[in-house]
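Residue numbers (mature numbering (1 follows the signal peptide of the UniProt record, and there is no 0)): -32 to -1, 1 to 511.
Glycine included, each C-beta is placed from N, C-alpha and C at the ideal position.
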């Protein structure tokens, strides 16, 4: 459920109808299974596959998570291929008294899925059909699909996309339920701003699993369940089996116009500053320039609304820091806008740098891996995030330099600063479960390494870095003037630990702010016996 983009260091009911892709007659798994054919062309849906310790697939399925600090040991893994198989897997776990977790893309950064307490893991990665649902007049994406696959299918079939993230291997399910953002967010908002419905397996007070559909329709009795999945995070209310996407302003009876049309091409730019030529003064000037530009250009409707960037403040032993940016090439004056942005960030900075630019097809850019990533061997990590309403202060820039210039010897640390705001901030905080609707930047602090022997040292160092960075608000980004809490898709169980979070502000407030009581009410209505829980799941009222 994360957007550690390629580990970037710079994220129905049975009556729902068949899914038709571009009129090609491609049916949903359920439709295929129910069909008969005298020509032998019917496609049988595989039965649910149960994998237990000792089975050939067990080792792979328990180590699909990107963060190898955490490896679970469930008694059973259910690989599901249909929504009803998912319901049956949930029922089986409930009847056996097992703790349930769900895995889609495997990008969870903390021990929410790979947790020793999880005894029943439901792997939905094979539940991945994508297409047009004519019954609901929406784009249907099943929970196991990955962003890159969704991008390709929707763009090539219909010339449109849901505004999701920049990493092709992130799962749609975790990304969406956490309120995901990405390169289109400043122009088109968050992915949940285009979410019409969710199909979810829930468990009632009598321990019975049900598959139900919840939509944003004002007359839908399950509307609150839809709302909870617009940023309440995964693993709190049930198991999502598919999503229905349709922008609020969309009209018509066919797939055309249901979702935003992405740019035909984007101008991309990468600026690299070697640490060897980067003084503390130059570093702090870059941080200040970058923050000041975003403070001035992040309102809804800004001329720079199609400009997205990731500023990777990577540690000295990585060699460089880098700014990667892209903008819709079809916007009038796009190249001038890009040049203006790059010039503003580098203004008055004497450190040497190199810049590379390109113009490419939008889909090519999405699949090209534009953003830097950690070495594949560095598969152990500690991560912490924040929302920024205002740029980093001069003192915070000094803290960034202090830590990044003297990192642990056997690790790579980066604080990624993501462009945010724009259309994201045109939506009311209570309209979706994402309460942070006036921030200009989002950050992710990540330390990654390879050797398990370095775990304690590197986790402690990352904690110290984060606490010092946010020392003015008790060591965490408390919702206040300059910061606005944390992003649930950058989960950090430290926030629920009073020894680590000494701010006096609960982790629930950091993630969900004033929306938390409503999330608890949804929890009480749809998971009254708390079958779906993890260290950062929504708690029952008074729980």
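- Straight-line measurement puts the Cα of residue 505 at about 20 Å from the Cα of residue 210.
- In this structure, residue 429 and residue 346 do not form a Cβ contact; the two beta carbons are roughly 15 Å apart against a cut-off of 8 Å.
- With respect to the C-alpha of residue 324, the residue from 446, 151, 239, 73 having the closest C-alpha is 239.
- Here residue 151 is actually not in contact with residue 228; their C-beta atoms are around 12 Å apart, not less than 8 Å.
- Beta-bridge partners assigned by DSSP to residue 242: 288.
- For a cut-off of 8 Å, the C-beta gap from residue 319 to residue 246 is around 5 Å, short enough to register as a contact.
- Distances from the CA of residue 12 to each of 49, 35, 33, 41 were compared; the closest alpha carbon is that of 49.
- A straight-line Cα-Cα distance of about 45 Å links residue 108 and residue 242.
- Taking 8 Å as the upper bound for CB-CB distance, residue 502 and residue 80 are in contact here, some 4 Å apart.
- Per the C-alpha coordinates, the member of 306, 258, 341, 105 positioned closest to residue 362 is 258.
- Shown here, residue 91 sits in a strand according to DSSP, grouped into three states.
- Cβ-Cβ distances below 6 Å link residue 473 to 446 in the same chain, with the five nearest sequence neighbours on each side left out; the list follows chain order.
- Contact holds between the stretch 86 to 100 and the stretch 57 to 64, because three or more Cβ pairs, one in each stretch, are under 8 Å apart.
- Within the stretch 121 to 190, the complete alpha helix (DSSP H) runs of at least 4 residues fall at 140 to 145, 153 to 156.
- In the DSSP assignment, residue 308 falls within the alpha helix (DSSP H) that extends over 302 to 314.
- A distance below 7 Å between beta-carbons, with the five flanking residues on each side excluded, links residue 330 to the following residues of its chain, in chain order: 230, 231, 232, 233, 234.
- For residue 99, the uninterrupted beta strand (DSSP E) segment begins and ends at 98 to 101.
- A direct Cα-Cα distance of roughly 7 Å separates residue 461 from residue 78.
- Contact annotation: the stretch 484 to 500 touches the stretch 197 to 211, with at least three C-beta pairs closer than 8 Å.
- Within the model, the alpha-carbon separation for residue 55 versus residue 364 is close to 48 Å.
- If you draw a 10 Å sphere on the C-beta of residue 71, you find 16 or more other C-beta atoms in it, and that means buried.
- Between the stretch 447 to 459 and the stretch 348 to 357 there are three or more inter-stretch CB-CB distances shorter than 8 Å, so the stretches are counted as touching.
- For residue 350, the enclosing beta strand (DSSP E) stretches over residues 348 to 356.
- In this structure, the alpha-carbon of residue 467 lies about 49 Å from that of residue 299.
- Between residue 349 and residue 414, the C-beta gap is smaller than 8 Å, which places the two residues in contact.
- In terms of CA proximity to residue 51, 179 leads the group 218, 388, 279, 179.
- The beta carbon of residue 154 sits closer than 8 Å to the beta carbons of 266, 270, 272, 273, 274, 275, 276, 387, 388, 389, 390, 391, 392 from its chain, once the five residues preceding and following it are set aside; these are given in chain order.
- The residue from 144, 167, 173 with its alpha-carbon nearest to that of residue 159 is 144.
- With contacts defined by Cβ atoms closer than 8 Å, residue 74 and residue 44 do not form a contacting pair.
- Note on residue 216: under 16 other CB atoms within 10 angstroms of its CB, so exposed under the neighbour-count rule.
- C-alpha of residue 434 to C-alpha of residue 189: approximately 42 Å in a straight line.
- An exposed status is given to residue 335, since fewer than 16 other beta-carbon atoms sit within 10 Å of its beta-carbon.
- The Cβ atoms of residue 129 and residue 495 do not sit closer than 8 Å to each other.
- Straight across, the Cα-Cα distance linking residue 383 with residue 114 is about 25 Å.
- Per DSSP, reduced to three states, the secondary structure at residue 446 is coil, with no helix or strand assignment.
- Assignment of beta-bridge partners to residue 35 by DSSP yields no partner.
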